[in-house]
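I have placed the structure first, in the form of structure tokens, so that the comments after it can refer back to it.
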Amino acid sequence: MKTALKLLAVALVALPVAAPAFADEAPAPPVATEWRNPSNSVHVRIDTCDGQLCGTVTWASAKAQADARRGGTQNLVGTRLFRDLEPAGPGKWRGKVFVPDIQRTFSGTLSFADSNTMVGKGCVLFGIVCKSQTWSRVR
Numbered sequence: 106m107k108t109a110l111k112l113l114a115v116a117l118v119a120l121p122v123a124a125p126a127f128a129d130e131a132p133a134p135p136v137a138t139e140w141r142n143p144s145n146s147v148h149v150r151i152d153t154c155d156g157q158l159c160g161t162v163t164w165a166s167a168k169a170q171a172d173a174r175r176g177g178t179q180n181l182v183g184t185r186l187f188r189d190l191e192p193a194g195p196g197k198w199r200g201k202v203f204v205p206d207i208q209r210t211f212s213g214t215l216s217f218a219d220s221n222t223m224v225g226k227g228c229v230l231f232g233i234v235c236k237s238q239t240w241s242r243v244r
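Take any residue in the sequence shown, count from 1 to its spot, add 105: that is its number in this note's numbering.
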């Protein structure tokens with residue numbers, strides 16, 4: 106978990122903070138859906154928070170919780186990992202991603218390829234090096 110989160114953190118550095126809003130083009134956000142990371146060690150519920158899209162941890166494995174505690178996040182369950190997400194194109198949302206293992210927040214994007222696939226992506230070095238993480242819908 107810690108290695109995966111560090112990779113995601115590195116990938117999310119240096120994304121542009123501001124993005125044009127495409128409110129007329131963006132599909133409705135997948136509100137009240139739950140997603141699992143690739144290793145199924147963390148589940149996140151996508152919802153609206155303060156008028157924007159957000160994602161809050163609803164479940165985490167014992168190892169993920171221990172990794173987060175070692176990094177300074179005492180209560181992983183209930184932590185908002187995805188914050189302040191706004192429309193950035195059809196099926197794409199731009200905002201902030203919190204990495205609990207290292208207590209850092211980065212700019213990032215979420216996109217929804219279909220109703221069961223959510224992709225978190227980040228780039229460094231002016232978009233030369235990019236990483237993504239594919240999350241699967243739980244419900």
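All residues carry an ideal CB built from backbone N, CA and C; glycine is no exception. Owing to the predicted nature of the structure, the values given are computational and were not obtained by experimental measurement.
Cα separation between residue i and residue j?
| i | j | result |
| --- | --- | --- |
| V202 | R141 | 15 Å |
| D206 | Q238 | 16 Å |
| G176 | V243 | 26 Å |
| F217 | V204 | 20 Å |
| L158 | W198 | 8 Å |
| G156 | L186 | 16 Å |
| D189 | P143 | 23 Å |
| Q208 | T178 | 7 Å |
| G194 | L215 | 11 Å |
| F211 | S220 | 25 Å |
| V147 | V224 | 15 Å |
| S241 | T222 | 5 Å |
| G200 | P192 | 9 Å |
| L110 | N180 | The predicted model places L110 with a pLDDT of 40, which falls under 50 and marks its position as unreliable; any figure quoted below should be read in that light. So the two alpha carbons sit approximately 16 Å from each other. |
| W164 | G196 | 25 Å |
| S166 | C154 | 25 Å |
Does residue i get closer than 8 Å to chain D when you measure Cβ to Cβ?
| i | result |
| --- | --- |
| T178 | Absent from the structure is chain D; it holds one protein chain and no more. |
Just list the residues that DSSP pairs residue i with in beta bridges.
| i | result |
| --- | --- |
| T239 | V224 |
| I151 | T138 and G160 |
| S216 | K197 and V224 |
| R244 | Note: R244 sits in no beta bridge, so no partner. |
Considering just the uninterrupted stretch of the alpha helix (DSSP H) at residue i, what are its terminal residues?
| i | result |
| --- | --- |
| G176 | A167 to G176 |
For the beta strand (DSSP E) containing residue i, name the first residue and the last one.
| i | result |
| --- | --- |
| T138 | T138 to R141 |
| R185 | R185 to G194 |
| V182 | Run containing V182: none; DSSP gives neither H nor E here. |
Considering only residues of the same chain and omitting the five flanking positions on each side of residue i, which have a CB-CB separation below 8 Å?
| i | result |
| --- | --- |
| T184 | T161, V162, A173, T178, F203 and P205 |
Tell me which same chain residues have a C-beta within less than 6 Å of the C-beta of residue i, skipping the five on either side of it?
| i | result |
| --- | --- |
| I151 | P135, T138 and G160 |
| K226 | T214 and S237 |
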